[in-house]
Amino acid sequence: MECIFCQIVAGNIPSDILYQDEEVIAFRDINPQAPTHLVIIPRMHIPSLANLSEAQLPVIGRMINTANELAKKEGVSESGYRVAINCGEQGGQLVPHLHMHLLGGRKLSGGLG
Ligand code: 5GP
Ligand code: ZN
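When you read off a place in the sequence shown, starting at 1, and then add 311, the result is the number in our numbering.
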C-alpha cells in the first residue's frame, strides 16, 4: 500500500483527524496554505476526480457536507471559504487519492491558477 492517504485511512501515518465516518475522513493539511486548511478524502482509494464512476458520485456530496460542517466548526462558515479538488498533473494534484481542500481564515486570492 503505497498511497499516503490510504496509509492515513489505515492509521499507519499519524494525522490530525477532525472527522471520520464510514465513507470519509478529514484531517489538517501538513503544509497549510491558510489558517484553516483541511483535506477531505473518501476512505476508498479513488485515484482522482477523473476516475470517479457514476456509482461513486454520492461520495462527493458527503465530502461537501463534511466541508460545510467543518467550516462551521473552524469558524469560517460566515467569513467564507473555498473548496477545491485538484485533478491530474496540470490540475496540480500531487497525491493520487481523490481529495478536497477546504481553505479559509484569510482573504484568498481571486485567481484560480
Ligand atoms: P494536492 O496537491 O494533491 O491537491 O494536495 C495534496 C495535499 O496533501 C497537499 O496540500 C499536502 O500538503 C497534503 N499532504 C501530503 N502528504 C500529507 C501527509 O502525510 N499528511 C497530511 N496531513 N497532509 C499531507
Ligand atoms: Zn489511496
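Backbone N, C-alpha and C define an ideal beta-carbon position, used for all residues, glycine too.
Counting only runs that start and end inside the stretch 345-372, there is no alpha helix (DSSP H) element of at least 4 residues. Relative to the non-hydrogen atoms of the ligand 5GP, the Cβ of Ile371 never comes closer than 7 angstroms to any of them. Collapsing the DSSP output to three states places Val320 in a helix.
Close CB contacts of His356 within its chain, under the 7 angstroms cut and outside five residues either way in sequence, are with Cys314, Cys317 and His408 (chain order). Closest in C-alpha terms to Asn342, from the list Ala321, Met374, Gly421 and Ser326, comes Ser326. Relative to Arg354, the option among Gly403, Ala378, Val370 and Arg393 whose CA is nearest is Val370.
Using a Cβ distance threshold of 8 angstroms, Val335 and Ile319 do not count as a contacting pair.
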